[in-house]
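**Student:** Have a look at this one before I ask anything.
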């Protein structure tokens, strides 16, 4: 798993950028923080697949949106199968669990 990770910008646990794909299977992303968006996972115009009991738990986006995954999908996609997002908080932003945007 990925535990207690921090970012001063985006993607405290995982950052996936343009044209990349990530498959998260049987993995927990826990207690991660980001100052801006996507404390657990930040995905920009890419593909995110979560499956096989994966979880994003207790992540905080302190000043941004989407403390679980923040998904900016323009041409990307997300598939969440047999996965969980629990106890995630965005105290100053939007979407405590998942933020999805096409901008």
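Residue numbers (the numbering used here): 138 to 240. For glycine and all other residues, C-beta sits at the position ideal for the given N, C-alpha and C.
Quick check on the burial criterion: 16 or more other C-beta atoms within 10 angstroms. Buried or exposed for residue 162?
**Tutor:** Exposed, by the Cβ-count rule.
**Student:** Starting from the Cα of residue 198, find the closest Cα among 219, 192, 228 and give me that residue.
**Tutor:** Nearest of 219, 192, 228 to residue 198, Cα basis: 228.
**Student:** Which residue's Cα is closest to the Cα of residue 224: 237, 145, 176?
**Tutor:** Of 237, 145, 176, the residue nearest in Cα terms is 176.
**Student:** State yes or no: is the C-beta of residue 200 within less than 8 Å of the C-beta of residue 217?
**Tutor:** It is not a contact, given that the beta carbons lie outside the stated cut-off.
**Student:** Can you pull the DSSP bridge partners for residue 167?
**Tutor:** Bridge partners of residue 167: 140, 194.
**Student:** What's the call for residue 183, buried or exposed, on a 16-neighbour Cβ count within 10 Å?
**Tutor:** It counts as buried.
**Student:** Output the distance between the C-alpha atoms of residue 239 and residue 164, rounded to the nearest integer angstrom.
**Tutor:** Cα-Cα distance, rounded: 27 Å.
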